[in-house]
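Here is the structure we will look at, set down as structure tokens.
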Amino acid sequence: MMMTGNCGSKEATRKITAGKVTDCRLEHNKFYVAFERGQARMESFGEGILRITLAPGEIPDSESLAVVAEPDDRLALSDEQDLVTISNGALAIQLRADQPGLSVSSRCSGTLLELEQAFCRIGKTLSVSARIGESMMFFGLGEKTGFLDRRGRRYIMWNTDDPLHTPDKDPLYKSIPFLIFFDGERAYGLFLDSIARSEFDLGYEDRERLSVTVNDSCLDLYLIDGPSIAEVVMRYTRLTGRMEMPPIWSLGFQQCRFSYYPQERVLELAESFRARQIPCDVIYLDIDYMDGYRIFTWDASRFPEPKGMIARLEEQGFRVVTIVDPAIRKDSDYSVYLEGTREGHFCKFPTGEVYHGEVWPGTAAFPDFSREKTRKWWGFKHTVLFDAGVSGIWNDMNEPSDFKPGTPDRTLATVPNDLMMDFDGKPQPFSKCHNAYGILMCRATHEGFRALKPGERPFILTRSAYAGIQRYAAVWTGDNYSWWEHLAASIPMHLNIGLSGIPFVGGDVGGFQSNSSPELYARWVQLGAFTPFFRAHSDRGTRDHEPWSFGPEVESIARRAIQLRYALLPYLYSEFRRACETGLPVMRPLILDFQDDRNVYGINDQFMFGKDILVAPVVRPGDRKRLVYLPHGGWYDFHTKERLEGGTYIIADAPLDRISVYVREGAIIPMARSAESTRFMDFSTLWFELYAGPEGSFDLYEDDGLTQDYRDGAFNLRRLTQQSPSPRSFRFRLENLATGYGGGLKKAYAAVYGLDEDLPSEGCVYENRAWHFELDGSDAEIRIG
């Protein structure tokens, strides 16, 4: 397959294969294979993960930006009748002397991939190719348009600032070259660790063939065993790292616009939220807070007292997050630019000349975040923002976007390919490391946050990303439109980003570009309440897009949706802790939890919110009913508490003021009373909604929500379990597994749905269709029936 565009060869070049195996050996826990025209190196990275590095020449030793796991000593070699097998227990690679190609098999699932040739070289590109069965589906690959199953298209990994996200638009802002295979029975993963341009052809050129191509000096592949999709995601995130616990305020509602200024407007916005009793935790400041778009400055005329303004907002329960772009204005009177030039912090051509592009500030230079010294310099520049009281940083335009090329091809609207990044003395041209820029900027910001605010949890939001970004930042999906089509498209996009190891994801509620209708905003804010990152945002020149901007009816709908989000924070916060521990997404496709139910395979407009709540948004105008599939098992309507049998489709009522939500039987949903912001919420008194089922459990996690103290054991973990083999028998237990945090639950009111009303019980009463009892936070056991 030919590579095209920024990095591809434009001339027809003959295809060169690796050829036959000529030699192999196991040495220092690494297995080496020599081919006629290349070589391979294989390593084990834990149970179920094998690394294969393929190259036409010497295999380079380079540091990965994504992988944090270390290789182990699991590799074992067997050689029988010219069949060589290298295994780490779960996965094995087999090859034959004097034969090309290799096969990968799983101890549990059998043959996974068969490569007729180890690799092929076409010009400056390398590729691998394999046959794929008719039933094979593909998930992951980060931020891509289209449906949940990726099959049938070609996808490019090349971070691109493209503001028009049509259904077949590719690429976009993020490159996560991690692919999940699923054939209806077994799942496995393939991660291509390359920050250069690459392509995944998933049955595009040939319906029955997969190919992966990279414009790099080697193919660095990680094969990841299943057999479940969840196990693949957990292993992949063990390889590339998992997110940290976020500050709890970052899970609240967040309001943004391009742009809110001057400071009186910001304070007025805050007053409106409080006067209208609509919960909100964060107000964003877009680029107009700066002095002439100079990074790390304040516009003294628009924001004469930023510290005082932020202090007033904090009293009302608001946090402030400011945008920070990478482009630094060329200005002889701007200290940041002068320092960057003097200290060598900017990206240069091979000649040593600093490159200047065109971004919002005009002519601008780009920091070289691959240098440790530059990352430290950049991190400490945030002092001017943190000293004013800023709580979080929003990294934008970090593909990096560059207006200078002036081309309609958005993949070219970036810095030149021959521009260099230093990588601390191991320089690479942007043609080989373009996709690294965003994650390196976030790393620099994260390191600066840790140095300047060591006791606090960082909150960083990024548009551009590479694999492993979950260790540094949350992501949002960029410049969407106020289109119903984008509301619908956001669901599979978020789900695949979650499957790509990034739990903290969301999109601009209401749509960034164009003008939302009242109905569209109502449906979008209902969906947004069930996305991990919940922010409304709108472009300059659009109508007002605050919750009250669409009339009293929509304001009321938005208020209730946002209040429900806040009420569910004990559940959501605990699910984020699960994501930190396992790498599994918070917003997840039904196929992740119900892999054996073939009816869920094609569902793109429903999802699980955590492990127990199923959400079915309305994504078309005028709809007041919608078809909902309930997977096998029992389910409860969250609004009516009616019990329904799964394994079937139902027609759900979906009036404008309600989103369809269902709860799995056996679920325990902890809830709190909503407040104006997380600062004013009382998490010492909770409400447990228990939905009777054969069995179920929930781990309620509590800490202070703000500091790093949880890392030293300052948290509570309470295991809640229930058993209800029939509607006439119920048993509940609360067990405190960890009690390192002095705050948290002191009193809980519980309601049990789905039991008969005439059961004997001590200390429990039946009213309003539910059994009720109280808890004081200590270990307890309750029986009904």
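Under the working numbering, the residues of the sequence shown are numbered 249 to 1033, in order.
Glycine included, every Cβ here is placed at the ideal spot set by N, Cα and C.
Tell me whether Met491 sits in a helix, a strand or coil according to DSSP, three-state version.
-> coil
Might you give, ordered along the chain, the residues of its own chain that have their beta carbon closer than 6 Å to the beta carbon of Arg774, omitting 5 neighbours on each side?
-> Before going further, note that residue 774 is Gln rather than Arg in the sequence given. Correct list, in chain order: Ala809 and Ile907.
Contact with chain B by Phe367, beta-carbon distance below 8 Å | The structure shown contains no chain B, having only a single protein chain.
Measure from the alpha carbon of Gly600 to the alpha carbon of each residue in Pro675, Pro780 and Leu361, then state which is nearest.
-> Pro675
Take the Cβ of Arg262 as the centre, count every other Cβ of all protein chains shown within 10 Å, and call the residue buried at 16 or more, exposed below.
-> exposed
Based on the DSSP secondary-structure assignment, which residues constitute the bridge partners of Met405?
-> Ser446
Whole-angstrom distance between Ala715 and Leu471, CA atom to CA atom = 15 Å
Hey, quick one: how far does the alpha helix (DSSP H) through Asn643 stretch, first residue to last?
-> Per DSSP, Asn643 belongs to no alpha helix (DSSP H); it is in the beta strand (DSSP E), Gly640 to Asn643.
For His413, name the three-state secondary structure that DSSP assigns.
-> coil
Length of the line joining the Cα atoms of Phe707 and Phe697 = 9 Å
Of all the alpha helix (DSSP H) runs that stay within the bounds of the region 543-574, which reach a length of 4 or more residues?
-> 554-563
Per-residue DSSP class, three states only, for Thr655 | coil
Sequence-distant residues of its chain with Cβ nearer than 6 Å to Phe439 (five each side left out) = Phe426 and Tyr470
Could you check which residue in Asp536, Ala923, Glu983 and Glu492 has the C-alpha nearest to that of Thr955?
-> Glu492
In chain order, what residues of the same chain lie with their CB nearer than 6 Å to the CB of Leu325, ignoring the 5 residues before and after it?
-> Leu274 and Ile334
Given Arg691, which residues of its chain have a CB within under 6 Å of its CB, disregarding the five upstream and five downstream residues?
-> Tyr720
Please state if the CB of Leu838 and the CB of Ile477 are separated by a distance shorter than 8 Å.
-> no
List the residues that DSSP assigns as beta-bridge partners of Val723.
-> Thr710 and Val753
Taking the alpha carbon of Gly1033 as the point to measure from, which residue in Cys595, Ala770 and Phe980 has its own alpha carbon closest?
-> Phe980
Burial state of Glu453, where buried means 16 or more other Cβ atoms lie within 10 Å = exposed
State the DSSP-derived secondary structure class of Ser257, mapped to helix, strand or coil.
-> With a pLDDT of 40 at Ser257, under the threshold of 50, the modelled position of that residue is not reliable, and the figure given next carries that caveat. If DSSP states are grouped into helix, strand and coil, Ser257 belongs with coil.
Check the DSSP bridge columns for Trp935 and list the partner residues they point to.
-> Met919 and Tyr997
Separation of Arg513 from Glu1010, as counted between CA atoms | 57 Å
Between Leu892 and Trp883, which are expected to be in contact by the criterion C-beta below 8 Å, what is the C-beta distance as a whole number of angstroms?
-> 5 Å
Inter-residue spacing [alpha-carbon to alpha-carbon] between Ala288 and Pro494 = 40 Å
Which value, in whole angstroms, describes the spacing of the CA atoms of Val867 and Val802?
-> 16 Å
Neighbourhood of Leu633 by C-beta, 8 Å cutoff - its chain only, sequence neighbours within 5 removed = Phe544, Thr570, Val572 and Ile641
Could you tell me how far apart the beta carbons of Gly831 and Gly754 are, in whole angstroms, since I believe they sit closer than 8 Å?
-> About 18 Å; that fails the 8 Å criterion.
According to the Cβ coordinates, are Ala923 and Tyr814 closer than 8 Å?
-> yes
In whole angstroms, what is the alpha-carbon distance linking Thr622 and Leu700?
-> 16 Å
Quick one: using the 10 Å Cβ neighbour count with 16 as the cut-off for buried, is Lys555 buried or exposed?
-> exposed
Euclidean distance between Cα positions of Asp473 and Asp670 = 35 Å
Gly394: which of Leu458, Ala713, Ile851 and Pro656 sits nearest, CA to CA?
-> Ile851
Counting Cβ pairs closer than 8 Å, one from the region 439-449 and one from the region 311-320, do we hit at least three?
-> yes
Beta-carbon proximity list for Leu747, same chain, < 8 Å, skipping 5 on both sides | Phe387, Gly388, Ile428, Ile477, Val481, Pro833, Arg836, Pro837 and Leu840
Sort Ala915, His887 and Thr896 by Cα distance to Ala902 and report the nearest one.
-> His887
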